[in-house]
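Worksheet for the structure shown next.
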Amino acid sequence: MSSARAQQRSPVRMDDVVSLCARRGFIFASGELYGGINGFWDYGPLGVEFKNNLKALWWRRVVRERDDVEGLDSAIVTHPRTWEASGHVQHFSDPMVDCRACKKRFRADQLDDLPPCPAREGTSEHDLTPPREFNLMLKTFVGASEDTETVAYLRAETCGSIFTDWKRVREVSRQKLPFGIAQIGKAFRNEINPRNFTFRSREFEQAELEFFCHPAESPKWFEHWKEERLRFHRELGFGADVLRVRPQEEKERAHYARAAVDIEFLFPFGWQEIEGIHDRGSYDLSRHAEFSGKDLSVLDEATRQRFVPAVVETSVGIDRTALALLCHAYAEEKLADGESRVVLHLPPVVAPIQVAVLPLGKKLAEPAQRIARDLRRRWSTFYDESGNIGRRYRRQDEAGTPFCVTFDFESESDAQVTVRERDTMSQERVPVAGLVTWLRERLEP
Ligand code: GAP
222 MSSARAQQRS PVRMDDVVSL CARRGFIFAS GELYGGINGF WDYGPLGVEF
272 KNNLKALWWR RVVRERDDVE GLDSAIVTHP RTWEASGHVQ HFSDPMVDCR
322 ACKKRFRADQ LDDLPPCPAR EGTSEHDLTP PREFNLMLKT FVGASEDTET
372 VAYLRAETCG SIFTDWKRVR EVSRQKLPFG IAQIGKAFRN EINPRNFTFR
422 SREFEQAELE FFCHPAESPK WFEHWKEERL RFHRELGFGA DVLRVRPQEE
472 KERAHYARAA VDIEFLFPFG WQEIEGIHDR GSYDLSRHAE FSGKDLSVLD
522 EATRQRFVPA VVETSVGIDR TALALLCHAY AEEKLADGES RVVLHLPPVV
572 APIQVAVLPL GKKLAEPAQR IARDLRRRWS TFYDESGNIG RRYRRQDEAG
622 TPFCVTFDFE SESDAQVTVR ERDTMSQERV PVAGLVTWLR ERLEP
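Per the numbering used here, residue 222 is the first one in the sequence shown, and the count goes up by one each step.
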């Protein structure tokens with residue numbers, strides 16, 4: 222969907238997106254049966270296909286299509302020294318205040334929109350303590366006892382193991398600088414105030430690339446990756462009306478960061494970060510070398526001097542990008558016949574169902590199923606023979622299905638089907654023999 226179209230639409234309300242996600246089983250509260258658990262979300266049948274497609278696209282663009290990036294899938298419980306070296310154990314915290322009356326805890330930098338205190342008489346104001354630092358890492362214990370010796374952490378970001386595995390991955394892949402290591406996976410943060418649906422969760426997925434290079438070359442690679450990542454977001458259909466780059470101010474940047482930008486998306490609740498791109502200098506490998514006592518430097522063939530590589534990082538939230546896609550795609554549209562529809566204008570490459578096969582009557586089930594079986598080998602395909610055809614189209618519109626193939630009574634004699642396109646609702650007769658080619662041209666980037 223072009224952004225010009227998006228501008229013409231009425232503003233999307235978060236409540237509508239959340240309700241569609243629950244109604245159609247894209248995303249809903251984890252542990253719903255027991256009232257939910259704040260900051261944790263489950264992706265249902267449509268959600269998991271959608272999210273997998275988004276991750277696959279990232280993996281294709283960042284790993285598969287490049288010969289200078291290797292993939293990794295590391296453990297979630299990471300060696301505790303990793304987080305000491307990275308500074309997380311000491312510094313990964315938010316300043317918090319507690320209410321002495323109602324015992325609730327709030328972020329000290331988010332006190333403007335506090336709900337009234339339910340526990341005080343004569344006033345609704347909270348009785349707040351001075352701010353204290355609260356570490357955001359989720360802790361666990363590994364082994365039979367629960368003491369300081371057995372404490373371990375669920376990773377707070379996926380990049381930790383990329384740094385600790387760097388030497389081995391470089392050796393086994395026989396890569397030379399500059400090259401990158403990428404990984405997609407779960408990260409955990411004990412966010413004090415999870416909010417805006419999946420936007421700020423306690424368990425979420427990141428897709429991160431750490432690109433290792435000579436420190437003198439990191440500004441060049443920083444620009445390169447910024448452009449690559451913007452290209453990716455544009456490929457998802459985000460235009461300049463909903464996508465922007467915000468350079469981080471010096472006071473926001475980590476002390477070691479030489480440059481940092483956020484890629485922001487315009488959500489219904491305002492401009493917010495979906496991806497961070499950082500020139501981290503040689504901080505990460507230097508720290509892990511120091512904490513492990515291992516040499517992580519490489520030899521500069523030209524000068525014969527050893528140096529610790531610098532890192533350019535791109536770190537995107539999969540759940541946040543998925544949420545941005547859903548917000549961007551959602552529309553309620555009035556139709557010519559006076560009816561209205563809810564539709565997700567998702568890019569076909571991430572749509573959870575790419576093609577639906579709908580026989581016009583149950584008597585046509587057999588040939589229609591044959592077509593569905595054939596399409597299913599290539600694309601995520603849904604077969605539906607129940608309900609009137611209009612209602613079946615509406616169901617597919619809500620799921621974001623770009624194409625519906627209708628097998629009707631003429632199909633048997635003329636060997637053609639009707640393909641209905643989601644966004645324009647236009648219909649075209651296509652020979653069954655040419656259907657795969659017709660769809661391939663429109664579904665595969
Ligand atoms: N390794 C760098 C790093 O983790 P970050 O800015 O803390 O940087 C990167 O996180 C991305 O991860 C963010 O841009 C966001 O998309 C996603 N992210 C971070 N915290 C999140 C949370 N609580 N819920 C959902 N996504 C989150």
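In this text, a Cβ means the ideal position worked out from N, Cα and C, and glycines have one as well. For clarity, every value in this text was computed on a predicted model and none was experimentally measured.
Residue burial annotation: V298 is exposed, with fewer than 16 other C-beta atoms found within 10 angstroms of its C-beta. By alpha-carbon distance to H566, the top candidate from E619, W442, F384 and L293 is E619.
Taking a C-beta distance under 8 Å as the contact criterion, I498 and F453 do not qualify as a contact pair. In the displayed model, N356 falls within a strand according to three-state DSSP. Fewer than three beta-carbon pairs drawn from the stretch 457-473 and the stretch 255-272 are found closer than 8 Å, and the two stretches are therefore not classed as touching. For D315, the three-state secondary structure derived from DSSP is strand.
Membership of S561 in any alpha helix (DSSP H) is not indicated; the residue belongs instead to the beta strand (DSSP E) covering S561 to L565. Contact between A377 and T361 does not hold, since their C-beta atoms are separated by about 13 Å, which reaches or exceeds 8 Å.
Within 7 Å of the C-beta of C380 there is at least one heavy atom belonging to ligand 1.
DSSP places F249 in the strand class (E or B) of the three-state scheme. Rounded to whole angstroms, the Cβ separation of F355 and S295 is 27 Å, and the two are not in contact under 8 Å. Uninterrupted alpha helix (DSSP H) stretches at least 4 residues long and entirely within the stretch 277-311 occur at 301-307, given in chain order. Annotated three-state conformation of H499 is strand, per DSSP. Under DSSP, S536 takes part in a beta bridge, and its partners are E429 and G497.
In this structure, P569 is the residue among S634, P569, P573 and Q648 with its C-alpha nearest to the C-alpha of R661.
Setting aside the 5 residues that flank it on each side, I405 is surrounded in the same chain by K276 and A428, each with a C-beta closer than 6 Å to its C-beta; the list follows chain order.
For Q637, the enclosing beta strand (DSSP E) stretches over residues Q637 to E642.
Secondary structure note for L660: its alpha helix (DSSP H) is the uninterrupted segment L656 to L664. Beta-bridge pairing by DSSP links K407 to E426. Residue burial is scored here from C-beta neighbours: R525 has fewer than 16 other C-beta atoms within 10 angstroms and is therefore classed as exposed. At the C-beta level, L293 and I413 stay beyond 8 Å of one another.
Segment contact: the stretch 283-290 against the stretch 362-369, fewer than three CB-CB distances shorter than 8 Å; contact not assigned. In the three-state reduction of the DSSP assignment, G343 falls in the coil class, being assigned neither a helical nor a strand state. Beta-bridge analysis with DSSP links A577 to F603 and C625. Between V576 and T602, the CB-CB gap stays under 8 Å.
Here the distance from the Cβ of D540 to the nearest heavy atom of ligand 1 is below 7 Å. D635 counts as exposed, since fewer than 16 other beta carbons sit within 10 angstroms of its beta carbon. Collapsing the DSSP output to three states places L241 in a helix. Here W492 is bridged, per DSSP, to L487.
Residue side-chain check: Q617 keeps its Cβ at 7 Å or more from all non-hydrogen atoms of ligand 1.
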